[in-house]
Structures are given as structure tokens and as C-alpha cells.
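The structure appears below as C-alpha cells.
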Amino acid sequence: MSSAGPIARLVCELGKLPGVGEKTAARLAFHILRAPPEDAAALAAAIGEMRAKISFCTVCWDFTEEDPCPICRDARRDSSLVCVVAQPQDVLAIERAGGYRGRYHVLHGVLSPLDGIGPDDLRVAELVKRCSGDIKEVIIATNPSVEGETTAVYLAKLLRPLGVRCSRIAMGVPVGGELEYADRLTLSRAIDGRREM
Ligand SMILES: [Zn+2]
């Protein structure tokens, strides 16, 4: 069983990934073992290259290859408007949707007292520092979960005294959805977040 060591090590490493249990980790490891050697090498190289080249943007704290990131460097984007998100994936989602022309700030998590995650564990101090500059409005785009709402309320209380306008993204009925199937919370948020037309 001379190969038990390397296989077990890879299974152990893959098992650390989110959503990957021991069985899935073993399945992936054996898949990689059976795949052409160049595929396995490409996977290993891609992981290595990503870790070597990607770091934080020291303005918005998104992941980037160059610091500041392309969005922070883009002079055509409104630097007085900042959208605060929990995760880098949220920046991708909003950019994919198109239409937003401000900048971002990535918190890298949300407040979660039960899990021991407080403001010091997030990029909150960096946001406060940015807000003492030329930022006029902050759109808080954390998820509509208990933690996301707690974080939004906390940030609004913190930033308003700095003279920054704080808004929350509207939550409501999804496009293509039907009112009768929307849950009560979603529907009440949709009515609260109504806008004049
Ligand atoms: Zn940036």
C-alpha cells in the first residue's frame, strides 16, 4: 500500500473544501488519479498560480491581480458611491447584472455574534476610513438573512454620523415570480421597498 499516503493526503486536503464530505473527496481524488497526467498538473498549477498572483485590493478589499483593482482604478466609475457586500462573489454577481457604476467594499463576512464574528473580524475599520474621504452614499447589499440585516443596521448606525447617506438594496418579489407564491417576509419587504413610478 505504498500509494495510500499520497491518496489519503489529497482526500484529506479536498475534504477541507466547503461542501465536500469524505466520500466526495475520495471520488474527486480517484477522478484526478485516473485523469490524464496533464489535467492533474493543470489543476495543481491553476491552484498555485491563483494563490501566487491574487491578493487583496487595499482600497475595496476585493481579490485582485493588481492593487488597486480595475474597478477602483476606473476613473469613469462614481467614487462617491460605494456598494458594501459580504463576499467577493457578490461583486461578480452585481457586475454581471450590469447597471451599477459606483465602487465596492468587501467585508469578507457578516456580523455573527453566535459564531464569535464581530466588526474586528471584518473590513469595517477600512470602510469607516474610506467614508471619511469623498464617499457620499453607501449601499448596503448584504444578504437578507438575520446576520445580513444585523450587519446592515450596524453599518448604517456607524456611518450616518460621518455624513454618509446609507441605503439598503431593495428586497422583494423575484422577476418572473408570482405574488401568491411569495413568502410573507419577501412580500412585506417588497411593499416596504416600493418606489414611486
Ligand atoms: Zn478595489
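Take the sequence shown: its position 61, counting from 1, is numbered 120 in this note's numbering, and each next residue is one higher. Cβ atoms here follow ideal geometry from the backbone N, Cα and C, with glycine treated the same way. Predicted model, so just to flag it, every value in this text is computed and none were measured.
Query raised in the report: For the putative contact between Leu151 and Lys195, defined by C-beta atoms under 8 Å, what is the C-beta separation to the nearest angstrom?
Result: Sequence index remark: in the sequence shown, residue 151 carries index 92 (1-based). Sequence index remark: in the sequence shown, residue 195 carries index 136 (1-based). Leu151 to Lys195, Cβ: 25 Å. No contact.
Query raised in the report: Can you tell which of Ala101, Gln148, Leu173 has its C-alpha closest to the C-alpha of His164?
Result: Position 105 of the sequence shown, counted from the first residue, corresponds to residue 164. Closest option to His164, Cα to Cα, is Gln148.
Query raised in the report: Using the C-alpha atoms, what's the distance from Gly231 back to Leu238?
Result: Within the sequence shown, residue 238 is the residue found at index 179, counting from 1. Within the sequence shown, residue 231 is the residue found at index 172, counting from 1. For Leu238 and Gly231, the distance between alpha carbons rounds to 10 Å.
Query raised in the report: Using DSSP with H/G/I as helix, E/B as strand and the rest coil, what is His167?
Result: Taking the first residue of the sequence shown as position 1, residue 167 is located at position 108. Correct three-state label for His167: coil.
Report task. Use the C-beta contact count for Gly175: other C-beta atoms within 10 angstroms, 16 or more gives buried, fewer gives exposed. Result -> The residue labelled residue 175 in the question sits at position 116 within the sequence shown. Exposed.
Report task. Would you list the residues sitting across from Cys142 in a DSSP beta bridge? Result -> As a working mapping, residue 142 is identified with position 83 in the sequence shown. Note: Cys142 sits in a beta bridge opposite Tyr163, Ile198.
Query raised in the report: What number of angstroms, rounded off, separates the C-alpha of Ile130 from the C-alpha of Arg162?
Result: Mapped onto the sequence shown, residue 130 falls at position 71. Mapped onto the sequence shown, residue 162 falls at position 103. Each residue's Cα considered, the two are about 7 Å apart.
Query - Straight-line gap, Leu69 to Leu92 (C-alpha atoms, nearest Å) - result: Looking up residue 69 in the sequence shown gives position 10. Looking up residue 92 in the sequence shown gives position 33. Straight-line spacing of the CA atoms in Leu69 and Leu92 works out to 10 Å.
**Report entry** Strand pairing of Cys225, partner residues [DSSP]
**Finding:** Mapped onto the sequence shown, residue 225 falls at position 166. Cys225 is bridged to Val197.
**Report entry** Neighbourhood of Gly235 by C-beta, 6 Å cutoff - its chain only, sequence neighbours within 5 removed
**Finding:** As a working note, residue 235 is residue 176 in the sequence shown. Taken in chain order, the list of residues that qualify is empty.
Report task. Name, in chain order, the residues that DSSP records as bridge partners for Ser114. Result -> Here residue 114 corresponds to residue number 55 of the sequence shown, with the count starting at 1. In DSSP, Ser114 forms a bridge with Thr123.
Query raised in the report: Leaving out five residues before and five after Ala229 in sequence, what residues of the same chain have Cβ atoms less than 7 Å from its Cβ?
Result: Here residue 229 is taken as the residue at index 170 of the sequence shown, counted from 1. Excluding sequence positions up to five before and after Ala229, its CB lies within less than 7 Å of the CB of Gly252, all in the same chain and listed in chain order.
Query raised in the report: Taking DSSP as the reference, what is the three-state secondary structure of Asp137?
Result: Taking the sequence shown and counting its residues from 1, one reaches residue 137 at position 78. Strand, per DSSP.
Query raised in the report: Relative to the alpha-carbon of Gly222, which residue among Leu244, Arg189, Gly78 has its alpha-carbon at the smallest distance?
Result: Against the sequence shown, residue 222 aligns to sequence position 163. Nearest neighbour of Gly222 by Cα position, chosen from Leu244, Arg189, Gly78, turns out to be Arg189.
Query raised in the report: Between which two residues does the alpha helix (DSSP H) harbouring Pro147 extend?
Result: Here the question's residue 147 lines up with position 88 in the sequence shown. DSSP places Pro147 inside the alpha helix (DSSP H), whose first and last residues are 147 to 156.
Query raised in the report: Under a Cβ-count criterion, where at least 16 other Cβ atoms within 10 Å of its own Cβ denotes burial, should Thr117 be classed as buried or exposed?
Result: Residue mapping note: residue 117 aligns to position 58 of the sequence shown, counting from 1. So Thr117 ends up on the exposed side.
Query raised in the report: Does ligand 1 have even one heavy atom less than 6 Å from the beta-carbon of Cys142?
Result: Taking the sequence shown and counting its residues from 1, the one referred to as residue 142 is at position 83. Every heavy atom of ligand 1 is 6 Å or more from the Cβ of Cys142, so no.
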